[in-house]
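A.B. asks: To start, I am sharing the structure in question, which I have written as structure tokens.
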Amino acid sequence: MIKAILVFNNHGKPRLSKFYQYFDESLQQQIIKETFQLVSKRDDNVCNFLEGGSLIGGSDYKLIYRHYATLYFVFCVDSSESELGILDLIQVFVETLDKCFENVCELDLIFHADAVHHILSELVMGGMVLQTNMNDIMARIEEQNKIVKQEAGISAAPARAVSAVKSMNIPQQIKDIKLPDLPQAIKDFKF
Amino acid sequence: MALKKVKGNFFERMFDKNLTDLVRGIRNNKDNEAKYISTCIEEIKQELRQDNISVKCNAVAKLTYIQMLGYDISWAGFNIIEVMSSSRFTCKRIGYLAASQCFHPDSELLMLTTNMIRKDLNSQNQYDAGVALSGLSCFISPDLSRDLANDIMTLMGSTKPYLRMKAVLMMYKVFLRYPEALRPAFPKLKEKLEDPDPGVQSAAVNVICELARKNPKNYLPLAPIFFKLMTTSTNNWMLIKIIKLFGALTPLEPRLGKKLIEPLTNLIHSTSAMSLLYECINTVIAVLISISSGMPNHSASIQLCVQKLRILIEDSDQNLKYLGLLAMSKILKTHPKSVQAHKDLILACLDDKDESIRLRALDLLYGMVSKKNLMEIVKRLLGHMERAEGSAYRDELLYKVIEICAQSSYLYVTNFEWYLTVLVELIQLEAGSRHGRLIAEQLLDVAIRVPVVRQFAVNEMTNLLDTFTVSAQSNSMYEVLYAAAWIVGEFAGELEDAEKTLNILLRPRLLPGHIQGVYVQNVIKLFARLATTCLELQDLPGLVTLCDHVLDKLQHFNGSSDIEVQERANSACMLIEMLRNQLSTSTDAMAMDTTTEGGIPPLAIEIVQEMTLLFTGELIPVAPKAQRKVPLPDGLDLDEWINAPPPEDAASSSSSEHDKDELFVSASQAASGADSGGKRRQSLELTPEQLERQRMARLIEQSNNPHYLKSTPTASGASNADQYDNIDDIPITELPLDMEGVAALRVGITKRSDKYLQEQQAAQGGKDGKKKHKKGKKSKKAKNKVAYNSSSESEGEPKPLHIVNTTLDMPEGVSMSDSEDKDGKYDPNDPHRALDIELDITDFEAPAVRSSSKKSAAGKENLKTPAESAAKKDRKKDKDRKAKREHRESKRERKEAAVQPVIDLIDADTPTPSPSHISAPSNNSNDNNNISTILPDAPKHHKKKKNKEKSTDGAPDALATATGSNIIDVGEQEASEVASKAHKKKHKKEKSQRKEKKASESASATVSAIVSIGEYEQPLGISTPSKEIL
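Each protein sequence line maps, in turn, to chains V and R.
Just so we're aligned, residue 1 is where the first sequence starts under full-length UniProt numbering, counting upward by one.
Just so we're aligned, residue 1 is where the second sequence starts under full-length UniProt numbering, counting upward by one.
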């Protein structure tokens, strides 16, 4: 069983947290903090396993992690999981992210935390490995994205336009122009 | 106007913050993040009040992000449920995600969700159901499990592999919360092991592995199916799980292990995946542990494992190195020799830069030491300790040093002076360790069990007492003073300068109470010894000054805040004062009459002699559990009052305190008893029975006391006089140590332990006599080294070991602590305890019954009344069985010739009748026996039956036949070659079996086939058809 999946950056900022056993929010934060402290002090050339922290797990649990550029991917698993297998799973997860976001970077995870969750739910369900074949995973994700697009249809077009404008790289001043003025002008327009 | 309003609203909403805006905003407000988020939460609350579902959806998405940052969002639970119930997939997905992040099994809101989730599970869109399953897996509660179990079970039979896969995994969560679901769902789960979709198969394996990990014995009957999967599958993920599962099953069934060795070694040779290779090795190790003997080629397997592990350890990948060491340590327990061959490698890992790897290598070190290299290894470890920064790692090192030295009663320690020096060095490292108590125990143990080293020990301990400073309060190292004080007192006779030691003990120091108490006690011992010397020398003035000096210094202890210390110090003072009074009368007399010579008054002599008598008598090591060997005498009732119960509560509470200090009471009573003359003693005189009872009670209490080993010396040392003659009741072995060469052992000052290593190396290099001694030449005792060697030899003899380790032959009921340890591992809240359900054989037929009942009644019936349907099954089975037995009897002879190859094959596989058979519930055991002996007949027998039934029940099932023949076992193929019409027969057999199912006459032959490990063809028969039925 996988007990928790954590993704945080080199400074310990959480980017994704998925607990398959209930902890309240403050305890979750403590676990993230503790895990970060355990993992971050390790060199890159040491092994990727470490005997669990005090808050999560116990003797039966291991932390298995990988470090990619600015992000740590940490899985807390018990002895029924194969250590090397989980390392592979992390690799599959990251490669899937890479495919979905096209050259994934930390920013993608920051701005699309929900999408990352949806991707993860195709790999792991309730703490058990669901699917490890990347093509299958991608197919599932694409099919779901298609549904979302269909549903959005025309009704979401204005919202998409606004968000497109918002995410455009226009200088802050322009963005700060008071948009609500515009409806006012329209309102005053005599038919 | 209305249009305007809607428009305005529409535009307003369009400029709501979405998730991206929220994240951007948080990033732009790094300085006052908390404030920014709280305003955002206010906005979200506004949004949640809107009627528009998209707006709510947006709000919930933002909440999910905020939850990750550590904010409680459970207040929005109701809104989350609203979003979950949206008909749009986009919203539903966001809703379920939020729910999975913030709901938990105890959430009260969950009871609102039951019908909504049921609707989603039955949705036309597979992704609606998929999202619901994913979310549900995170927050499913016992109530939800009970209510939705049937829906999820139905999904297990869905036509979409995606849903089947998720539903199978989901069932595990259902089982955890609602164990009653396991029994009815298990047959379906089992048939998913042979699902055409590899993902579903893998999910089923996953679930059964999780179940079997906690209650392996219930899943042994599935071994044949897993065995077949293992030999046919190429999915590494699934193989790893299966192999791990076998690792859990083999300890229960060694014969399974024997079968596994070959395919596993094949996999080890063939696979290129490291993860699979590693798991194979692990399971082979587990197998080899479970079959410790009787395998001719099993040393070859061990060699293979060790070789492969060596490759792993030598790999530059630290992960493989770590895992290699981990697996090595498992081999070490049973096959230390094979691991020792790779000593070089493991020692090299001690210097690895990676702490995890060093720790694993330390675990292995335990088995690496020999008499020859112990000193060198310990030296390296001490070097590591000096360099190590983390205190946890230091502690671990310290523990390992002691562990490897003390293993098997100091088997590998050839020189105990060296060992004591190492212990003292460990103390002086100031590691801030929490193992002070452990070191103290070692010091006591060595001093008591190795008499030749006592002289060295007392001097070392004197130095230690002199120089040790209690620094940090968190440090537990001061515990060693306890041991040091006791050693110098108990073996005062070995001291060179007892007076100096006495002064050190009397020095006022800030120490914990229990240690000061030992100080006082041992001051009396030293005093008694010095006083005896004075008596021998007739040195009256010396004796007087000694008394005065000790009396003076003891005043310090008198004022201690610790009641124990006060009492002991007071008793000691009274005792010495009494002696002093006798002496002062005689000095007065001497002053008056100078002509009288010598003049130590006889009463004083008597007092000193009595005092010495208190502490004489050799202490002998007693195994901590030796007491358990003494059976409880008849008629002993420990709950019975020995004396009439005291009338008041206060008295009883004080008496319980009294009990606690029992260890010391006899000592202080004896000490103070002397002062109040015979009065105390008389009051203590009890009948022999009472004495016996008291002693039993005390010993039992001591044996339950975790600190018993440590306090034994004090207890028996103090009460030796009256206990000694009865101590023979306890099986003990005195170490036959040679006292020769003690005279040559005048080593007063602390040396670095390296000295001994150099000596040893010199001895080895010069190839002089010493080396031979190490190898066990007991005869030569000329040098002191020889004495040590011979002592270590005798230490190595199993004698003392026997007492310590033979907990197994303890009388029943007394080895309680062992079972307690075992129980301690289990968490009382562990849901798996409830899942320890015997999935008996009737369960395997459930699909058949279910399918038949589905025609007539609702599918739910089966889940709700498993007992009833089981009863039905039994009745049917009985009929079936009778019919079959007749068939068998008649056909048996005729078939025997044709079937012979099959029998051979099976015999080769399982020399003995089905192992799991034994563990399977035996509601139809006599039939099983009957059937399993004539197993090969069973298939043919079906063929017979088919002819009869074909007319009544038609419609052959193509799919079932196809899948069935896909997974036909090699064994059967061979068999069918012999019986010429191979293919036809198989098909027919499948059909016939299917039909039997439909008629819910599931054959008891199939039952027995599952039970038998040697038979692999039968389980197909029962599991393939049911996928059609559902």
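In this text, a Cβ means the ideal position worked out from N, Cα and C, and glycines have one as well.
Span of the beta strand (DSSP E) holding L16/V?
C.D. replies: L16/V -> beta strand (DSSP E) spans P14 to F19.
A.B. asks: Spell out whether any CB of chain R is found under 7 Å from the CB atom of S80/V.
C.D. replies: For S80/V, a Cβ of chain R is located within less than 7 Å of the residue's own Cβ.
A.B. asks: By the DSSP assignment, the alpha helix (DSSP H) with P514/R in it spans what residues?
C.D. replies: Here the sequence assigns His to residue 514/R, which means Pro is not the residue at that position. Taken as a continuous stretch (DSSP letters only), the alpha helix (DSSP H) holding H514/R covers G513 to L537.
A.B. asks: What residues from chain R crowd round Q91/V, counting only those whose CB sits closer than 8 Å?
C.D. replies: The contacting residues do not exist; Q91/V stays about 12 Å from chain R at best.
A.B. asks: Go ahead and label T616/R buried or exposed: buried means 16 or more other beta carbons lie within 10 angstroms of its beta carbon, across all protein chains shown.
C.D. replies: Here T616/R is exposed. Its C-beta has fewer than 16 other C-beta atoms within 10 Å.
A.B. asks: Can you check the region 64 to 106 of chain R for any alpha helix (DSSP H) of at least 4 residues that lies completely inside it and give the ranges in chain order?
C.D. replies: 77 to 84 and 89 to 102
A.B. asks: Mark I117/R as exposed unless 16 or more other C-beta atoms lie within 10 angstroms of its C-beta, in which case mark it buried.
C.D. replies: buried
A.B. asks: Report back the beta-carbon spacing between N319/R and L130/V to the nearest angstrom; my notes put them in contact at under 8 Å.
C.D. replies: In fact, because the Cβ distance is near 24 Å, the residues do not count as touching under 8 Å.
A.B. asks: Using the C-alpha atoms, what's the distance from V480/R back to I427/R?
C.D. replies: One Cα belongs to I427/R, the other to V480/R, and the distance between them is close to 8 Å.
A.B. asks: Could you tell me which residues DSSP puts in a beta bridge with Y65/V?
C.D. replies: V74/V
A.B. asks: May I have the straight-line CA-CA distance separating A34/R from L121/R, to the nearest angstrom?
C.D. replies: 39 Å
A.B. asks: Can you find the residues in the same chain that come closer than 6 Å, C-beta to C-beta, to P263/R, ignoring five residues on each side of it along the sequence?
C.D. replies: Same-chain partners within the cutoff: T231.
A.B. asks: Counting contacts by CB-CB distance shorter than 7 Å, is G70/R in contact with chain V?
C.D. replies: Interface annotation, G70/R: in contact with chain V, CB-CB separation under 7 Å.
A.B. asks: Have a look at K214/R and Q566/R and give me their C-alpha separation to the nearest angstrom.
C.D. replies: 54 Å
A.B. asks: Report back the beta-carbon spacing between Y96/R and E143/V to the nearest angstrom; my notes put them in contact at under 8 Å.
C.D. replies: The Cβ separation is near 17 Å, so there is no contact.
A.B. asks: Let me make sure I understand the geometry here. Which of F226/R, A697/R, V630/R and D497/R has the alpha-carbon closest to that of W641/R?
C.D. replies: A697/R
A.B. asks: At a Cβ cut of 7 Å, what residues of the region 262 to 283 of chain R count as close to chain V, listed as they run along the chain?
C.D. replies: Listed in sequence order: M274, S275, Y278 and E279.
A.B. asks: Between L97/R and chain V, is the shortest Cβ-Cβ distance under 7 Å, so that the two count as touching?
C.D. replies: yes
A.B. asks: Which chain R residues are close to S17/V, counting only those with a beta carbon under 9 Å from its beta carbon?
C.D. replies: Q67, M68 and Q101
A.B. asks: Just to make sure I have the definition right: I need the residues of chain R whose C-beta is within less than 7 Å of the C-beta of T132/V. Which are they?
C.D. replies: W237
A.B. asks: Please check if any C-beta of chain V sits within less than 7 Å of the C-beta of Y322/R.
C.D. replies: yes
A.B. asks: Would you say Y399/R reaches chain V, if we count a Cβ-Cβ gap shorter than 7 Å as a contact?
C.D. replies: no
A.B. asks: What is the DSSP secondary structure of residue 1063/R, reduced to helix, strand or coil?
C.D. replies: Any question about residue 1063/R goes unanswered here, given that chain R covers just 1 to 1030.
A.B. asks: When DSSP labels each residue in this structure, what does V124/V get in the three-state scheme?
C.D. replies: strand
A.B. asks: According to DSSP, is K333/R helix, strand or coil?
C.D. replies: helix
A.B. asks: Would you decide whether Q46/R is buried or exposed? Buried here means 16 or more other CB atoms lie within 10 Å of its CB.
C.D. replies: exposed
A.B. asks: Relative to the alpha-carbon of L397/R, which residue among S356/R, L189/R, G542/R and T501/R has its alpha-carbon at the smallest distance?
C.D. replies: With distances taken between Cα atoms, L397/R lies closest to S356/R.
A.B. asks: Give me the residue from D21/R, E496/R, Q442/R and L222/R with the minimum Cα distance to T462/R.
C.D. replies: E496/R
A.B. asks: What residues match up with F49/V in a beta bridge as DSSP calls it?
C.D. replies: I64/V
A.B. asks: For P911/R, does the three-state DSSP call read helix, strand or coil?
C.D. replies: Bear in mind that the predicted position of P911/R carries a pLDDT of just 38, short of 50, making it unreliable; the figure below should be weighed with that in mind. The answer is coil: DSSP assigns P911/R none of H, G, I, E or B.
A.B. asks: Taking the C-alpha atoms as reference points, what is the distance between D151/R and D143/R?
C.D. replies: One alpha carbon belongs to D151/R, the other to D143/R, and they sit about 14 Å apart.
A.B. asks: Scan the region 157 to 174 of chain R for residues whose Cβ lies nearer than 8 Å to a Cβ of chain V and list them as they occur along the chain.
C.D. replies: Of all residues in the region 157 to 174 of chain R, those with a C-beta nearer than 8 Å to a C-beta of chain V are Y162, M165, K166, L169, M170, Y172 and K173, reading in chain order.
A.B. asks: Give the interface partners of N103/V over in chain R, defined as CB-CB distance under 9 Å, in chain order.
C.D. replies: Chain R residues near N103/V: none, gap ~19 Å exceeds 9 Å.
A.B. asks: Could you check which residue in A388/R, L365/R and R387/R has the C-alpha nearest to that of V378/R?
C.D. replies: L365/R
A.B. asks: If you draw a straight line from the alpha carbon of L120/V to that of W237/R, how long is it in whole angstroms?
C.D. replies: Rounded to whole angstroms, the separation of the alpha carbons of W237/R and L120/V is 18 Å.
A.B. asks: In its own chain, which residues sit with a C-beta less than 6 Å from the C-beta of N581/R, not counting the 5 before and 5 after it?
C.D. replies: Excluding the 5 residues flanking it on each side, N581/R has no same chain C-beta neighbour closer than 6 Å.
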